[in-house]
Each structure stands twice: as C-alpha cells, then as structure tokens.
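I have placed the structure first, in the form of structure tokens, so that the comments after it can refer back to it.
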Amino acid sequence: MDRTARNTDRAGAITEGPGPIIVGILNVTPDSFSDGGDFLDPEAAAEHAVAMLDEGAGILDLGGESTRPGSDPVSQEEEIQRVVPVLERILSLRPEAVISVDTYRADTATAALQAGARLINDVTALRGDPRMASLVEEAACPVILMHMQGEPKTMQEEPHYTDVVREVGDFLAERAEYAIAAGVGPENVILDPGIGFGKNLEHNLALLQGLDAIVNLGFPVLVGASRKSFIGSITGVQEAKERIFGTVAATVLAYQKGATFFRVHDVRANREALAVARAVLHTSHW
Ligand code: HH2
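Under my numbering, the residue at position 163 of the sequence shown is numbered 701, and the numbers go up by one with no gaps.
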C-alpha cells in the first residue's frame, strides 16, 4: 500500500467505532442552575440552538422546567408555552435539527412531538405521568430513561444507597423492561444514571467509575455531567459556567466506559475532546 492510500485509510478509520453523540442543552427556564434566564426569549434560544448545531451537537435537548436540586415544578401550560415556540423557531431555521424534549409530562411531550421534536427525555423514567409510556409507544420515538432518587425539591437532602451502581443498574433495567412491556421498541430505549439526581459526590464518582455496568445492560447510555455541582466540589470552581474543563474530563471518561450520548452545555469543548478520545480509542489502522 502506498503512503497516500495509507493516509486515506487512516482518515477513514477515524470514523470507525461507536460514534459519540453530543446532546446540546437548551433550557428555556428562568431558574436552571447554570443558564437560567439566558434563553427565555425564543429568538435568543433559537440563536443559541443554531450555534450548538454548528458546533457539532447531534441532538438538542429542550427543557421548559428546571430539575435542579430545590427547584419547583412549573405548570403544564407554562412548560408548553416555553418549549413549543422555541422548537418551532429552531425548526424554521434548521428543519433537519433533531430535537429532544426534556419533560415527564405526556401533554408537553405530545405538543413537542407535534411541533417536530423527535425524542423524549424523561427524568422520571416513565414514572411521572402514567400516559407517557403509551405516548412513546405510539410515537415510536427514542426515550431517555433516567434514574433519580426522590424528587428535585428534596433529592439532595440525604441521598442514600448501599451499592449505588447496582441499585441504579437494577432500576434502569426494570424501567427498560417496563417500557418494552408497554410496547416501546428496545432500539428506542436510552438509559441514563442521572448524575446529580439524588446523589452525593461519592455516588456520582461511583457511577462514573462503574458506568460499564450500566452500559452492559445492553442499551445506549447517556451521561449528563455538564457543569454539575460535583465538578465544582472537586475543582473548587463555584461558577457553574466555568466548569468546562472538569466537564470535559467526565465526558471523556464516560466515553471510555462506553457511553454514547453526552448531554452538555459547552458543545465545542466536549466535541473536540471526544473526537480526540475516539481517535485514540478506536482508530485501528496505524
Ligand atoms: N440533567 C439535568 C436536566 N435534565 N436529563 C437527563 N437525561 N440527564 C441529566 O443528567 C439531566 C437531564 C439538569 O441539568 P440542566 O438541564 O443543566 O439544569 P436544570 O435542570 O436546572 O434546567
């Protein structure tokens, strides 16, 4: 093989292996922990969405209610009013955009799917609204099933586990079974250990360290570590928006453990880190 051909092979080989997918976070809320209030105006939100797509986000996750520790729920109507106009605006600018809606309410999910959303991100793993499972089944769309101990208002008060990796794994396996029994295609199930949702620093670290056990359940795994407080606890960085470097470390390590989806605020930093991690881990023709 001559040198040019080898180089072509090498470039091609970079696309081998499981492709990480960046899920860009778009919170249309006044109170999200790191970007609350930044994107309440649909124009500003859509502009940020387009910027994240241009930076390499494969999916945008649009949320109208904060689930940060201590947050209060918003009304159904308010959530739909926040999410749908932004979704429509993004799709008018980028019709091909893949948009997920971060909601546990079936009515919000229905409105978002009608407006063009293609995935549902349910932080209650189909426990929050009894109609959600049949909605996902009918829509035949992917659904993210996330683990949470307790509920956002109080979940960080005293999270407790005997074996966090086993308990989160058992919960996710049970929720996947529930979804599949309700008619959701196994190919549409994505699991998420729910970093920061009823977990202290030790629990979050154990879950990232033991992530391969969750990956081994046989479904693609999403990790949402972006800017979260455990990163601040380790690095001492108080300002959530400044936690990019710590986030990138969590992203790369989660990728190495087999995660596929990375729900992040800072798309470019995480995408570039993942591109390097992917090349190192999966390029086979040296
Ligand atoms: N984290 C948050 C919200 N939704 N969904 C999934 N599947 N996984 C996560 O880890 C996750 C999530 C919290 O982060 P953020 O959206 O930035 O903040 P807030 O809930 O305050 O809007």
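Where is the CB? At the ideal position from N, CA and C, for every residue including glycine.
_contact_flag[the stretch 603-623, the stretch 698-711] where n(CB pairs < 8 Å) is 3 or more_ = Cβ pair count under 8 Å is below three, so no.
*Distance, Cα to Cα, I733 vs R632?*
Position 195 of the sequence shown, counted from the first residue, corresponds to residue 733. Position 94 of the sequence shown, counted from the first residue, corresponds to residue 632. Rounded to the nearest angstrom, the two C-alpha atoms are 30 Å apart.
_Taking contact to mean 3 or more Cβ pairs, one atom from each stretch, closer than 8 Å, check whether the stretch 721-729 and the stretch 761-774 are in contact._
As far as the Cβ criterion goes, the stretch 721-729 does not touch the stretch 761-774, which means the pair count is below three.
_L819 classed as buried or exposed, judged by whether at least 16 other C-beta atoms fall within 10 angstroms_ = Within the sequence shown, residue 819 is the residue found at index 281, counting from 1. Answer is exposed; the Cβ neighbour count stays below 16.
*Can you tell me the Cα-Cα spacing of M686 and L729, whole angstroms?*
If you number the sequence shown from 1, residue 686 lands on position 148. If you number the sequence shown from 1, residue 729 lands on position 191. For M686 and L729, the distance between alpha carbons rounds to 12 Å.
_Within the continuous alpha helix (DSSP H) that includes D599, where are the two ends?_
Taking the sequence shown and counting its residues from 1, one reaches residue 599 at position 61. Not the alpha helix (DSSP H): D599 falls in the beta strand (DSSP E), residues 597-601.
*asked:* ligand 1 and G658: does any heavy atom of the ligand fall closer than 6 Å to the residue's C-beta?
replied: By one-based count along the sequence shown, residue 658 stands at place 120. A quick correction: the sequence has Ile, not Gly, at residue 658. Taken from the Cβ of I658, every heavy atom of ligand 1 lies 6 Å or farther away.
*By how many angstroms is the C-alpha of V802 removed from the C-alpha of G770?*
Numbered from its first residue, the sequence shown carries residue 770 at position 232. Numbered from its first residue, the sequence shown carries residue 802 at position 264. Each residue's CA atom was taken as its position, placing G770 and V802 some 15 Å apart.
*Does any heavy atom of ligand 1 sit closer than 6 Å to the C-beta of V805?*
Counted from its first residue, the sequence shown places residue 805 at position 267. For V805, the Cβ stays outside the 6 Å cut-off from all heavy atoms of ligand 1.
*Is DSSP giving N738 helix, strand or coil here?*
Here residue 738 refers to the residue found at position 200 of the sequence shown. DSSP places N738 outside both helix and strand once states are collapsed to three, so it counts as coil.
*asked:* Given this structure, state the Cα-to-Cα distance separating E715 from L760, to the nearest angstrom.
replied: Along the sequence shown, read from residue 1 onward, the residue named residue 715 stands at position 177. Along the sequence shown, read from residue 1 onward, the residue named residue 760 stands at position 222. Each residue's Cα considered, the two are about 18 Å apart.
_Suppose the cutoff is 7 Å on Cβ atoms and the five residues either side in sequence are ignored; what does the same chain contact list for L746 look like?_
Within the sequence shown, numbered from 1, the residue matching residue 746 stands at position 208. Correct list, in chain order: A788, L791, A792.
*S767: CB within 6 Å of a non-hydrogen atom of ligand 1*: Translated into positions along the sequence shown, residue 767 becomes position 229. No - ligand 1 has no heavy atom lying nearer than 6 Å to the Cβ of S767.
*Tell whether a beta-carbon distance below 7 Å holds between M693 and F735.*
Within the sequence shown, the letter at position 155 stands for residue 693. Within the sequence shown, the letter at position 197 stands for residue 735. In contact: M693 and F735 (Cβ atoms closer than 7 Å).
*Roughly how many whole angstroms lie between the Cα atoms of V622 and G601?*
Along the sequence shown, read from residue 1 onward, the residue named residue 622 stands at position 84. Along the sequence shown, read from residue 1 onward, the residue named residue 601 stands at position 63. Using only the alpha carbons, I get a separation of about 10 Å.
*First and last residue of the alpha helix (DSSP H) that includes M590?*
To locate residue 590, count along the sequence shown from 1; it is residue 52. Per DSSP, M590 belongs to the alpha helix (DSSP H) from 580-592.
*R801, DSSP secondary structure in three states*: Counting from one through the sequence shown, the residue named residue 801 turns up at place 263. Correct three-state label for R801: strand.
*Note down, in chain order, each residue of its chain lying with its Cβ closer than 7 Å to the Cβ of E593, except the 5 sequence neighbours on either side.*
As a working mapping, residue 593 is identified with position 55 in the sequence shown. Within the same chain, Cβ atoms closer than 7 Å to the Cβ of E593 are found at V805, R806, R809, the five residues on either side in sequence being excluded.
_Quick check: the Cα distance between S672 and A720, rounded to an integer number of angstroms?_
For the purposes of this step, residue 672 is taken as residue 134 along the sequence shown, with counting starting at 1. For the purposes of this step, residue 720 is taken as residue 182 along the sequence shown, with counting starting at 1. S672 and A720 have their C-alpha atoms roughly 7 Å apart.
_Anticipated Cβ contact below 8 Å, V703 with A744, distance rounded_ = On the sequence shown, residue 703 is found 165 positions in, with the first residue counted as 1. On the sequence shown, residue 744 is found 206 positions in, with the first residue counted as 1. Going by Cβ atoms, the distance from V703 to A744 rounds to 6 Å, so yes, they are a contact pair.
*For N754, the nearest candidate out of T821, V681, I782, A711 (CA to CA)*: In the sequence shown, counting from the first residue as 1, residue 754 sits at position 216. Of the candidates T821, V681, I782, A711, A711 places its Cα closest to the Cα of N754.
*N- and C-terminal bounds of the alpha helix (DSSP H) containing V622*: Locating residue 622 in the sequence shown gives position 84, counting from the first residue. First-last of the alpha helix (DSSP H) with V622: 614-631.
*Counting only runs of 4+ residues fully inside the stretch 681-756, write out the alpha helix (DSSP H) ranges in chain order.*
Entirely contained in the stretch 681-756, the alpha helix (DSSP H) runs reaching 4 residues are, in chain order, 702-719, 739-747, 749-753.
*Starting from the Cα of K737, find the closest Cα among R713, E777, E695, G748 and give me that residue.*
Within the sequence shown, the letter at position 199 stands for residue 737. Residue E695 is the option with its Cα nearest to K737.
_Does the beta-carbon of R606, which I'm using as the reference point, lie nearer than 6 Å to any heavy atom of ligand 1?_
Within the sequence shown, numbered from 1, the residue matching residue 606 stands at position 68. In this structure, the C-beta of R606 approaches ligand 1 to less than 6 Å from one of its heavy atoms.
*For D667, which residues from the same chain have a beta carbon less than 7 Å from its beta carbon, with the 5 sequence-adjacent residues on both sides left out?*
As a first step, residue 667 is located in the sequence shown; it is residue number 129 there, counting from the start. For D667, where only same-chain residues beyond five positions count, the Cβ hits under 7 Å are Y642, R643, A644.
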